[in-house]
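Chains as they are written, first to last, in our numbering: chain B, 2 to 105; chain W, 2 to 105.
Number of protein chains: 2
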Amino acid sequence: MDAFSAAAEPNRRRILQLLASEPRTVSDIAAEFTVTRSAVSQHLLLLADAGLVTAEKVGRQRIYRVVPDGLRSLQAEIDRFWTDELDLLVADAHAHAHPNRSNP
Amino acid sequence: MDAFSAAAEPNRRRILQLLASEPRTVSDIAAEFTVTRSAVSQHLLLLADAGLVTAEKVGRQRIYRVVPDGLRSLQAEIDRFWTDELDLLVADAHAHAHPNRSNP
DNA sequence: CCAATACGTTAGTCGTCACTAACCTATTCG
DNA sequence: CGAATAGGTTAGTGACGACTAACGTATTGG
């Protein structure tokens with residue numbers, strides 16, 4: 002699974018945001034969710050597989066953190082998707098609300 | 002399915018890009034893929050369900066086009082995901098390759 | 001009018017995702 | 001050492017996504 006699809010799942014989006022604010026253990030993350038620790042663990046493994054997070058073993062815990070390079074790949078993937086033509090259409094949506102064109 | 006997840010699927014990413022460049026019929030789109038027209042049609046229905054595309058019936062064809070407002074929602078969703086903290090980590094990945102910090 | 005065209009629709013398959021419950025392993029603390 | 005803790009692992013389930021093949025329906029051109 003590529004980084005884009007991996008990051009798209011709602012729970013994983015939140016996990017990435019949490020880890021971006023600071024590295025955490027699995028239990029810390031699981032405490033923020035209604036799903037079980039096992040489910041969170043599996044999301045983390047999937048994210049690790051996509052190169053987006055990594056685990057550092059410290060004593061009996063595993064500190065998960067975001068991998069900056071993986072995040073850069075994700076950003077690149079999103080940018081590659083978001084073509085200029087798509088961007089132009091968003092600008093047109095703006096123009097609809099505020100009907101000022103570039104050359105009126 | 003929210004717009005983010007809907008847009009994440011690789012084939013649908015390409016479909017959105019194609020439609021962004023110009024509106025097309027289902028057959029036109031399907032010609033660009035190895036999967037069947039039926040599969041493409043189902044992707045289009047899902048994208049329509051997510052508010053990202055719309056179909057205009059013209060004779061016996063259906064011209065699909067991107068919905069600018071839906072695209073705006075998608076962009077907003079992506080922006081909401083991509084927090085400043087995630088952005089900062091990407092900047093740090095840069096700093097690793099070019100070790101110039103903001104305050105050296 | 002009838003055959004061809006453009007699509008949607010449906011049924012069915014296959015794979016995979018998200019999840020829980022239960023179990024196993026490693027580590028630490030008393 | 002033995003209980004408790006942290007977390008990976010596995011099996012099993014329900015659901016869903018992606019896909020194909022076959023069929024149904026509207027539209028149009030000869």
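Cβ atoms here follow ideal geometry from the backbone N, Cα and C, with glycine treated the same way.
Nearest neighbour of P69(B), chosen from T37(B), A21(B), R61(B), L87(B) [CA to CA]: As a position in the first sequence, residue 69(B) is number 68, starting the count at 1. The shortest C-alpha separation from P69(B) is found at A21(B).
Rounded C-alpha distance that separates V54(B) from D29(B): Numbered from its first residue, the first sequence carries residue 54(B) at position 53. Numbered from its first residue, the first sequence carries residue 29(B) at position 28. Cα to Cα, V54(B) sits roughly 15 Å from D29(B).
Beta-carbon neighbours of P69(W), restricted to chain B and to distances below 8 Å: If you number the second sequence from 1, residue 69(W) lands on position 68. Ordered by position in chain B, the residues that pass the 8 Å Cβ test against P69(W) are L90, V91, D93, A94, H97.
Where A56(B) sits in the DSSP three-state scheme: Reading the first sequence from its first residue, position 55 is the one you call residue 56(B). If DSSP states are grouped into helix, strand and coil, A56(B) belongs with the strands.
Any 3 or more C-beta pairs closer than 8 Å across the segment 29-44 of chain W and the segment 29-38 of chain B: no
Same chain, Cβ closer than 8 Å to T26(B), neighbours up to 5 away in sequence not counted: As a position in the first sequence, residue 26(B) is number 25, starting the count at 1. Taken in chain order, the residues that qualify are Q62, R63, I64, Y65.
Sub-8 Å separation of A8(B) and L87(B) beta-carbons: Residue numbering aside, residue 8(B) sits at position 7 when the first sequence is read from its first letter. Residue numbering aside, residue 87(B) sits at position 86 when the first sequence is read from its first letter. Not closer than 8 Å, so no.
Three-state secondary structure (DSSP) of R13(W): Residue 13(W) sits at position 12 when you count from the first residue of the second sequence. Reduced to three states, the DSSP call for R13(W) is helix.
DSSP-derived helix/strand/coil call for V67(B): For the purposes of this step, residue 67(B) is identified with residue 66 of the first sequence, where counting begins at 1. It is a strand residue.
Cβ distance (whole Å) where H44(B) is taken to contact I16(B) below 8 Å: Taking the first sequence and counting its residues from 1, the one referred to as residue 44(B) is at position 43. Taking the first sequence and counting its residues from 1, the one referred to as residue 16(B) is at position 15. Rounded, the Cβ-Cβ distance is 6 Å, consistent with contact.
is_contact[A51(B), chain W] using C-beta, thresh 8 Å: Stepping through the first sequence from its first residue, residue 51(B) is reached at position 50. So, not an interface residue.
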